[in-house]
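All remarks here apply to the structure that follows.
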Amino acid sequence: MKPTDTGHPDYFHQVVNCQWSCPAHTPVPEYIRMVASGRYSDAYMLNWEANVFPGVLGRVCDRPCETACRRSRVETDAKKDPVAICRLKRVAADYKSDVRGRMPKPNPKNGKRIACVGAGPASLTVARDLAPLGYQVTVFDGEKKAGGFMRSQIPKFRLPDEVLDEETGYILDMGVEFRAGERIDSLQDLMSQGYDAIFVGSGAPRGRDLDVPGRKEAAAHIHLGIDWLASVSFGHIDRIGERVIVLGGGNTAMDCCRSALRMGGEKVKVIVRSGFDEMKASAWEKEDAQHEGIEIFNYMVPKSFTHEDGKLTGMWFEKVKAVYDEKGRRNLIPTGEPDQFVECDDVLVAVGQENAFPWIERDIGLQFDKWDMPVVDAKTMQSTLPQVFFGGDAAFGPKNIITAVAHGHDAAVSIDRFCHREDVAQRPLPKVNLISQKMGIHEWSYDNVVSLDHRHPVPLSDFKVALKSIKIEVERGFSPQLATKEAQRCLNCDVQTAFTASRCIECDACLDICPMDALTLTENGEEADLRSRLKAPSLHPQQNLFVSAPLKTGRVMVKDEDLCLHCSLCAERCPTGAWDMQKFMLTMTHAGPGCRDRHIPKAVPTKEPA
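According to the numbering used here, the sequence shown is numbered sequentially starting from 1459.
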């Protein structure tokens, strides 16, 4: 194999999984170390720079970073749990001091006016990035409070209003004008008001319906999930029938069933056409629902609603099974079993969401695709109308909060460049740096002791109390003591082993001390052959190997990053300093003078994978 250049960002793309896997590129290990040392305000502000809503996301994030967490790979027993990254984010929010004085202060106005349609996470991120730069940002929303679907679709027992009020308030207090109760019904009219740029972050406001026999006749007891959740959130609905069916397998369905349980539903069932593992809901969302006694039934396709004199009585379902063709495509085919009848008083339909843009005229130059979605550049978030940008669910369909935040950051960069008449497609690369953490022969600037603890469960409210109210938060969050223990499970994936081949004397000291046998000193060769000669089996071939330049004997040092604990023992043991521990520093591109002034390479060099 060719030597891997450890200084090239592509190598660290493989290694710093948690930060790269987060759409907003939150510096996860760094803030976890701050939590471990009790620096909650510092951890919060570091989070806030990237994801804008630490208190919100610390409760309801989809946790892409945890899926990438290497802790779940290196543990040897059956549990293999990642670090509770999401819940540690909440710890920073729960225990920080007053951080209002640390928030950015608006610069003198630069004469540019920006309109944001919708007050959800994408629009608020645009406002948070642009307002401190002197832009006059106006946010329009049809509701009385900011937050968008974070406020209307996420139940209070998961996200209390006071948390959302606090974090939206930080942004609105930056001089942002919030036009509450003003729903935009014409993009053309908005464009005529002289705004220099317009950002559309209006979400995916329409739930998909289910068109099967009996739908119209029993309509009074059949509700679209997102509309029903909004009615519950704003206090328009305070009860539901005793027998409830929730149709759908996504996170909205999980919110619906758990909310129904708190609104009077005694027998709440989730019925899904796919298999359990194929449900779109996050694994922990399904687990939480089942923990509260909600049954989930799979491979059942709705056929009809039954009713008597307009009153819903139940539903018929067809039993199906999944069959995959030679290309891996799934088909659901009937099993031949008799149709199944399920009694119910109410049905919540949560089978998906759609975008709806009736307020955008189709003759103003903004192109729509065959799915009636605006044509948006995935890099710049710019539409075919140069001054109009999209983000969040309005751009590419329903995703999640952290993706909407990432869209907002990208759109803000584009809007800033657009308003300065610069090419929005040209933007500087993120800054990457490596800094040695050596403080002495056997001392490092970070805690390198590897904790053997399993993942610590988050304390919960008493279910007998929590299930009686839609407003009682179920998760109580970590205490400072538990947070420290959980934070110490982090493997410091941003502190890299850096190897200098010219210093190596091939004494094997690092190989002897490595607790995971992650290092191998051997002859070079093709990748398949080299993997077969590693000291420990290579269990994840998709994880590239580090291969050094040839050593004095012609052999190479090979490291399987998949196994490394970042414990620094190799660097402590090395007599020549060939190994070092260096912190990977990533600074993402954000709107502002630095983005516009920094050098933009004409071509990004590529590297052949090791």
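Beta carbons are placed, not taken as given, at the ideal position from N, Cα and C, and that holds for glycine.
- Here the region 1864 to 1873 makes contact with the region 1571 to 1591; the two share three or more CB pairs at distances below 8 Å.
- Close CB contacts of residue 1805 within its chain, under the 6 Å cut and outside five residues either way in sequence, are with 1680 and 1703 (chain order).
- By the 16-neighbour rule on beta-carbons within 10 angstroms, residue 1602 is exposed.
- Taking C-beta separations shorter than 6 Å and ignoring five residues to either side along the sequence, the partners of residue 1511 in its chain run 1625, following chain order.
- Between the alpha carbons of residue 1737 and residue 1999 lies a gap of roughly 27 Å.
- Restricting attention to 1566, 1994, 1620 and 1489, the CA atom closest to the CA of residue 1931 is found in 1620.
- Inclusion of residue 2001 and residue 1984 in the CB contact set at 8 Å is not warranted, their separation being larger than that value.
- The beta strand (DSSP E) runs lying completely inside the region 1808 to 1862 and spanning 3 residues or more are 1846 to 1848, given in chain order.
- With distances taken between CA atoms, residue 1734 lies nearest to 1757 out of 1757, 1938, 1667 and 1909.
- Taking the Cα of residue 1918 as reference, the smallest distance to any Cα among 1902, 1935 and 1925 is reached at 1935.
- Within the same chain, Cβ atoms closer than 7 Å to the Cβ of residue 2038 are found at 1894, 1896, 1956 and 2029, the five residues on either side in sequence being excluded.
- Every beta strand (DSSP E) stretch that sits fully inside the region 1695 to 1773 and reaches 3 residues is listed by chain position as 1701 to 1705, 1725 to 1729, 1753 to 1755 and 1758 to 1766.
- In this structure, the CA atom of residue 1802 is about 8 Å from the CA atom of residue 1699.
- Its chain contains 1598, 1642, 1658 and 1660 as the residues whose beta carbon lies nearer than 6 Å to that of residue 1575, once the 5 sequence neighbours on both sides are disregarded; these appear in chain order.
- The beta carbon of residue 1778 sits closer than 8 Å to the beta carbons of 1731, 1757, 1758, 1759, 1790, 1791, 1792 and 1793 from its chain, once the five residues preceding and following it are set aside; these are given in chain order.
- In this structure, DSSP gives residue 1780 an extended state, which the three-state scheme calls strand.
- Residue environment analysis places residue 1565 among the exposed positions, since fewer than 16 neighbouring C-beta atoms fall within 10 angstroms of its C-beta.
- Restricted to the region 1623 to 1704, the alpha helix (DSSP H) segments that are unbroken, complete and at least 4 residues in length are 1645 to 1649 and 1683 to 1691, listed in chain order.
- Assignment of residue 1614 by DSSP, reduced to helix, strand and coil, places it in the coil class.
- Among the bridge pairs identified by DSSP, residue 2018 is matched with 2003.
- Per DSSP, residue 2036 lies in no alpha helix (DSSP H) and is assigned neither H nor E.
- Judged by DSSP secondary structure, residue 1491 falls outside any beta strand (DSSP E) and instead within the alpha helix (DSSP H) spanning 1486 to 1494.
- With 16 or more other Cβ atoms inside 10 Å of its own Cβ, residue 1483 counts as buried.
- In the structure shown, the three-state DSSP call for residue 1594 is strand.
- Judged by pairs of C-beta atoms under 8 Å, the region 1972 to 1984 touches the region 2001 to 2018, as three or more such pairs exist.
- Looking at the backbone, the Cα of residue 1727 and that of residue 1916 are separated by about 26 Å.
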